[in-house]
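Let me begin by presenting the structure, written as structure tokens, before commenting on it.
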Amino acid sequence: MAEVMKGRNSEVDLFLKRASRWQTEMRSLREILLESGLREELKWGKPCYCTEDKNIAIMQPFKPHLSLMFFEGAFLEDKRNLLREQGKNSRSARRLEITDVSYTEKNKKAIQGLIKQARTIIVQPERPSKKPADPIPMELEHRFSGDPDYRTAFEALTPGRQRGYLLHFSEAKQSKTRQNRIDRCREQILEGKGINER
1 MAEVMKGRNS EVDLFLKRAS RWQTEMRSLR EILLESGLRE ELKWGKPCYC TEDKNIAIMQ
61 PFKPHLSLMF FEGAFLEDKR NLLREQGKNS RSARRLEITD VSYTEKNKKA IQGLIKQART
121 IIVQPERPSK KPADPIPMEL EHRFSGDPDY RTAFEALTPG RQRGYLLHFS EAKQSKTRQN
181 RIDRCREQIL EGKGINER
């Protein structure tokens with residue numbers, strides 16, 4: 001377990017010391033996050049900020065920018081339009097894209113407001129979905145009707161694993177390709193594994 005001193009985590013100290021890019025920006029952002037009363041940990045190899053054992057945000061240094069990703073950012077009221085979608089398949093994650101330290105200084109109050117909202121939202125038992133559920137391809141429905149074990153196993157998967165498969169199946173342009181993917185993934189689904197698990 002990493003030593004925590006005045007809210008600072010020694011593993012995050014080491015991460016920042018070793019960072020080749022965005023050190024000044026990460027330190028500035030770190031101060032804002034710690035001042036907001038969040039607990040600091042190193043998760044997935046990155047500085048992650050939590051409350052009540054729930055992840056609020058994570059710093060992600062990329063080449064073009066430093067990202068502060070809010071895990072439930074889609075549910076935040078972003079009056080200044082600072083948050084960006086993670087990607088086309090992202091449901092609730094949204095991120096700030098920081099390219100220099102003046103960004104955090106200029107937007108400190110707005111960032112603090114986003115953190116405060118995120119802390120409130122993350123402890124709510126249920127949050128409304130911003131996007132509709134992924135549609136089940138016709139080929140999968142057809143397969144389920146003739147293979148109840150497949151349906152049962154699929155429905156027993158976590159929502160994230162189900163979504164991974166639905167995206168994989170739906171990305172195929174032709175029905176035959178979708179059917180082949182559905183057939184190839186059957187055993188993996190029956191074993192309760194996600195699309196990228198072996």
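My numbering applies: residue 1 is where the sequence shown begins, and numbers increase by one. Each residue gets a CB set at the ideal place from its N, CA and C atoms; glycine is no exception.
With residue 122 as the anchor, note down where its alpha helix (DSSP H) starts and where it stops. 108-122
Could you give the distance in angstroms between the alpha-carbon of residue 98 and the alpha-carbon of residue 156? 40 angstroms
Is the CB-CB distance between residue 74 and residue 95 below 8 angstroms? no
Does the Cβ-Cβ distance between residue 56 and residue 38 come in under 8 angstroms? yes
Does the distance from the CB of residue 54 to the CB of residue 111 come in under 8 angstroms? Not in contact: residue 54 and residue 111 (Cβ atoms no closer than 8 angstroms).
Could you check where the alpha helix (DSSP H) with residue 17 kicks off and where it finishes? 10-18
Thinking C-beta only, is residue 172 closer than 8 angstroms to residue 163? Note that the C-beta distance between residue 163 and residue 172 is not below 8 angstroms.
Secondary structure at residue 174, three-state DSSP: helix, strand or coil? coil
Of the residues 192, 168, 22 and 8, which one's Cα is nearest the Cα of residue 102? The shortest C-alpha separation from residue 102 is found at 22.
For residue 177 and residue 185, what's the separation of their Cα atoms in angstroms? 12 angstroms
When the distance is taken between beta carbons, is residue 134 closer than 8 angstroms to residue 166? yes
Expected contact under 8 angstroms - CB spacing of residue 32 and residue 106 to nearest Å: Not quite, the Cβ-Cβ distance comes to about 12 angstroms (not below 8 angstroms), so this is no contact.
Beta-bridge pairing of residue 50 - partner residues as DSSP gives them: 39 and 55
Any chance the CB of residue 182 is under 7 angstroms from a heavy atom of the ligand ADP? As far as ligands go, the structure on display features none, and thus does not contain the ligand ADP.
Using beta-carbon positions only, say whether residue 76 and residue 117 come within less than 8 angstroms of one another. Contact: yes.
DSSP on residue 197, reduced to helix/strand/coil? coil
Integer Cβ distance of residue 48 from residue 42, believed to fall under 8 angstroms: 7 angstroms
Roughly how far, in whole angstroms, is the beta-carbon of residue 189 from the beta-carbon of residue 150, given that I think they are within contact range, below 8 angstroms? 7 angstroms
Pull up the CB-CB distance for residue 28 and residue 104, whole angstroms please, since I reckon it's below 8 angstroms. Yes, residue 28 and residue 104 are in contact; Cβ-Cβ is about 5 angstroms, under 8 angstroms.
Under DSSP, the beta strand (DSSP E) around residue 83 begins and ends at which residues? Run containing residue 83: none; DSSP gives neither H nor E here.
Chain-order list of residues whose beta-carbon lies under 8 angstroms from that of residue 160 (same chain, five-residue window excluded): For residue 160, the CB contacts under 8 angstroms within the same chain, skipping 5 residues up- and downstream, are 194 in chain order.
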